[in-house]
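Peer 1:
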Amino acid sequence: MWRAGSQTWYKLHHLSKAGKLCVPAINVNDSVTKQKFDNLYCCRESILDSLKKTADIMFGGKQVVVCGYGEVGKGCSAALKAMGSVVYVTEIDPICALQACMDGFRLTKLGDVVRQVDMVITCTGNKNVVVREHMDLMKNGCVVCNMGRSNTEIDVSSLRTPELVWQHVRAQVDHIIWPDGRRIVLLAEGRVLNLSSSTVPIYVLSITATTQALALIELFNAPEGRYKQDVYLLPKKLDEYVASLHLHTFDAHLTELTDEQAKYMGLSKNGPFKPSYYR
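As structure tokens, then:
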């Protein structure tokens, strides 16, 4: 392997920092087309579909805490709020936290609301966001699920102890029963819920796959020396190209800059229209 494109960035950056990344790599996950369409818009729809299919939840009036307010957390929070749920948000990043407040969500700590909420949804990409101490405090019937990364966000291993009874209800649904009879509803055993119980729309798959393909083509065609053994973002012109390829679905037509407008803005008429750091 001499070059790589990756849909997720976490391990690549660790390898790069440790000096163990042997090839140039493009981080597709942080491209705008991946962040917005796969992470935000897709999760905004798939969280509701997944919860309906697994737990058959009525959303109106339910109290929900969404852990993490990145693109996935934003999508989940917006969807649940639109369905009438009371949504709390937890966040470590003050910028994302301020966004949550401006979007009308109550920013809190998980430990402060875990006793009262009906659902806990993790969207952080971190590990041990929900631990045994939290689950010991949850109300009877609280639904716990993960929309973030892998199966690390909920400490499921802490629930596999002799005093707790696991009751497999149906596919992707387990009841964890405490000695006092209280139970929580664990979905997909802590794995990513929408990948376990729902589907990703073909339109979103097309956008993500196109982004990945163009990343690999860029690495393959790049002249020697352009990319070192490090992690790079997808060039913004390619990001915009992915978006333009999918506009026809909506019968959408782009406005074109005049020569005078392009000169005034200091842009090429064909883009890119955003700086490389835009997300």
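To get the numbering used here, take the position in the sequence shown, counting from 1, and add 86. Just so you know, even glycine gets a beta-carbon here, dropped at the ideal spot from N, CA and C. Quick caveat: nothing in here was measured; it's all calculated off a predicted structure.
Among the residues of its own chain, which have a CB less than 7 Å from the CB of C209, if the five just before and after it don't count?
Peer 2: V152, C153, G154, G156, V158, G159, C162, M233 and G234
Peer 1: Do S284 and D135 have their C-beta atoms within less than 7 Å of each other?
Peer 2: yes
Peer 1: Apply the 10 Å Cβ neighbour rule to T49 and answer buried if 16 or more other Cβ atoms are within range, or exposed otherwise.
Peer 2: No statement about residue 49 is possible, as the shown extent of the chain runs from 87 to 365 and does not include it.
Peer 1: Identify which residue in V216, M205 and V278 has its Cα closest to the Cα of S132.
Peer 2: Taking only the C-alpha atoms, the option nearest S132 is V278.
Peer 1: Using a threshold of 7 Å, state whether the C-beta atoms of V203 and V173 are closer than that.
Peer 2: no
Peer 1: Counting beta carbon pairs with one atom in the stretch 311 to 322 and one in the stretch 259 to 277, are three or more of them shorter than 8 Å?
Peer 2: no
Peer 1: What is the residue span of the beta strand (DSSP E) that Y174 lies within?
Peer 2: V172 to T176
Peer 1: Is DSSP giving C129 helix, strand or coil here?
Peer 2: If DSSP states are grouped into helix, strand and coil, C129 belongs with the helices.
Peer 1: Determine whether the beta carbon atoms of L223 and R192 lie at a separation below 7 Å.
Peer 2: No; because the gap between Cβ atoms is not below 7 Å, this pair is not in contact.
Peer 1: Under 7 Å, do I262 and L273 count as touching if we go by C-beta distance?
Peer 2: no
Peer 1: Pop quiz: L319 and S362 are said to be a contact at Cβ under 8 Å. What is the actual Cβ separation, rounded to whole angstroms?
Peer 2: 6 Å
Peer 1: Could you pull the DSSP bridge partners for M205 from this structure?
Peer 2: Its beta-bridge partners are V150 and V229.
Peer 1: So is T341 buried or exposed if we call it buried at 16+ other beta carbons inside 10 Å?
Peer 2: exposed
Peer 1: Return the first residue and the last residue of the alpha helix (DSSP H) that M218 is part of.
Peer 2: Residue identity differs from the one stated: residue 218 is Arg in this sequence, not Met. Start and end: R218 to M221.
Peer 1: Quick one: measure Cβ to Cβ for C228 and V206, integer angstroms, because I've assumed they're closer than 8 Å.
Peer 2: 7 Å
Peer 1: Rounding to the nearest angstrom, what Cα-Cα distance links K323 and L300 in this structure?
Peer 2: Cα to Cα, the separation comes out at about 11 Å.
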